[in-house]
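In what follows, a structure is listed as structure tokens, so that the remarks can point back to it.
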Amino acid sequence: DAGITQSPRHKVTETGTPVTLRCHQTENHRYMYWYRQDPGHGLRLIHYSYGVKDTDKGEVSDGYSVSRSKTEDFLLTLESATSSQTSVYFCAISERVGAEAFFGQGTRLTVV
Amino acid sequence: QQQVKQSPQSLIVQKGGISIINCAYENTAFDYFPWYQQFPGKGPALLIAIRPDVSEKKEGRFTISFNKSAKQFSLHIMDSQPGDSATYFCAASKWDDKIIFGKGTRLHILP
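Read top to bottom, the protein sequences are chains A and B. Numbering follows the working numbering, in which position 6 of the first sequence is assigned residue number 21; successive positions increment by one, without gaps. Numbering follows the working numbering, in which position 42 of the second sequence is assigned residue number 54; successive positions increment by one, without gaps.
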């Protein structure tokens, strides 16, 4: 497996609380992505990063923010979690945009 | 706007049979068409990929068939095995743009 670690792997949180998910890579890949996976929707891109402090929105970015202060770390923050954000979140990395993406193991987030 | 349409959503195949999953795309600028395989509790992993300059690519029991004029591509799994039971995602991308994923197909191979 590519060197990608997501933490935490599971989290239950209450509506309205902030939540931060972490993705850490040891591959020195430039591009990092956050996806959410929901039944019937497949993989949907939330945000991505093309370098330190360089990020952009994906197709479902509302309610999420990201930060990348180091090449190896990409953080996803839910400022005020809602039940609609209950999902499985995957981090992915790639050497360049449009190339093979390597995925982490996922974080299962439940907002109650 | 869904740029990659995948079908069927779910598929049941007898052991030893052929599993076929289809995808259609809209953007003629796409030049990379990967398939990802995901087992329960795991992240997706690249299975096989094709560029539009060839019509078919085979790796073991897995084959991608590509029809550029129809803007369609498909994954064929020959001699399907219970260990192939997983969710499969087709995807497409341009050289300088993000990968767009289909919605996935849950494949179950009956023993």
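Glycine included, every Cβ here is placed at the ideal spot set by N, Cα and C.
Can you name, in chain order, every residue of its own chain whose Cβ lies under 6 angstroms from the Cβ of residue i, other than the five neighbours on each side?
{"i": "V25 (chain B)", "result": "S31, S92, I121"}
{"i": "K26 (chain A)", "result": "L124"}
{"i": "T28 (chain A)", "result": "V34, A96, V126"}
{"i": "Q114 (chain B)", "result": "It is Gly, not Gln, that sits at residue 114 (chain B) in the sequence shown. Once the five neighbours on either side are set aside, the close Cβ partners of G114 (chain B) are V16, Q18, C35, F101, C102."}
{"i": "Y65 (chain A)", "result": "Y46"}
{"i": "T92 (chain A)", "result": "T35, S80"}
{"i": "F20 (chain A)", "result": "Position check: residue 20 (chain A) holds Thr in this sequence, whereas Phe was assumed. Same-chain partners within the cutoff: H39."}
{"i": "E68 (chain B)", "result": "S77"}
{"i": "A116 (chain A)", "result": "A107, S109"}
Based on the DSSP output, what are the partners of residue i in its beta bridges?
{"i": "G53 (chain B)", "result": "Per DSSP, none; premise fails for G53 (chain B)."}
{"i": "R123 (chain A)", "result": "A:H25, A:V103"}
{"i": "K17 (chain B)", "result": "B:A36"}
{"i": "S31 (chain B)", "result": "B:I89"}
{"i": "V25 (chain B)", "result": "B:I121"}
{"i": "L36 (chain A)", "result": "A:L91"}
{"i": "W47 (chain B)", "result": "B:I60, B:C102"}
{"i": "I76 (chain B)", "result": "B:K69, B:L87"}
{"i": "F113 (chain B)", "result": "B:A103"}
{"i": "F118 (chain A)", "result": "A:A107"}
{"i": "T20 (chain A)", "result": "A:H39"}
Confirm, please, whether the CB-CB distance from residue j to residue i is below 9 angstroms.
{"i": "W49 (chain A)", "j": "A114 (chain A)", "result": "no"}
{"i": "Q21 (chain B)", "j": "E38 (chain B)", "result": "no"}
{"i": "G78 (chain A)", "j": "L60 (chain A)", "result": "no"}
{"i": "P56 (chain B)", "j": "F89 (chain A)", "result": "no"}
{"i": "L23 (chain B)", "j": "L59 (chain B)", "result": "no"}
{"i": "H62 (chain A)", "j": "S76 (chain A)", "result": "yes"}
{"i": "F78 (chain B)", "j": "W47 (chain B)", "result": "no"}
{"i": "T99 (chain B)", "j": "G72 (chain B)", "result": "no"}
{"i": "V112 (chain A)", "j": "K83 (chain B)", "result": "no"}
{"i": "P94 (chain B)", "j": "P52 (chain B)", "result": "no"}
So that I know if they touch, is there some Cβ in chain A lying closer than 9 angstroms to that of residue i?
{"i": "Y37 (chain B)", "result": "no"}
{"i": "I111 (chain B)", "result": "yes"}
{"i": "Q18 (chain B)", "result": "yes"}
{"i": "P123 (chain B)", "result": "no"}
{"i": "W47 (chain B)", "result": "no"}
{"i": "S86 (chain B)", "result": "no"}
{"i": "K6 (chain B)", "result": "Chain B is shown from 13 up to 123; residue 6 (chain B) falls before or after that span and cannot be answered."}
{"i": "Q21 (chain B)", "result": "yes"}
{"i": "K83 (chain B)", "result": "no"}
{"i": "A61 (chain B)", "result": "yes"}
Using a C-beta cutoff of 9 angstroms, does residue i count as contacting chain B?
{"i": "H39 (chain A)", "result": "no"}
{"i": "V15 (chain A)", "result": "Shown here, chain A extends from 16 to 127; a query on residue 15 (chain A) therefore has no answer."}
{"i": "R45 (chain A)", "result": "no"}
{"i": "A96 (chain A)", "result": "no"}
{"i": "I19 (chain A)", "result": "yes"}
{"i": "F89 (chain A)", "result": "no"}
{"i": "V112 (chain A)", "result": "yes"}
Which same chain residues, not among the five before or five after residue i, have their C-beta less than 8 angstroms away from its C-beta?
{"i": "V103 (chain A)", "result": "R51, Q52, D53, G121, T122, R123, L124"}
{"i": "R83 (chain A)", "result": "M47, S64, G66, V67, K68, D69, T70, F89, L90"}
Just to confirm my understanding: we take residue i, look at its own chain, exclude 5 residues before and 5 after, and list those with CB closer than 7 angstroms. What are they?
{"i": "F42 (chain B)", "result": "A104, S105, K106"}
{"i": "I112 (chain B)", "result": "Q15, V16, A103, A104, S105"}
{"i": "S97 (chain B)", "result": "L119, H120, I121"}
Exercise. Write down every uninterrupted run of the beta strand (DSSP E) in the stretch 38-88 of chain A whose length is 3 residues or greater and which is fully enclosed by it, in chain order.
Key: 46-53, 57-66, 69-72, 79-85
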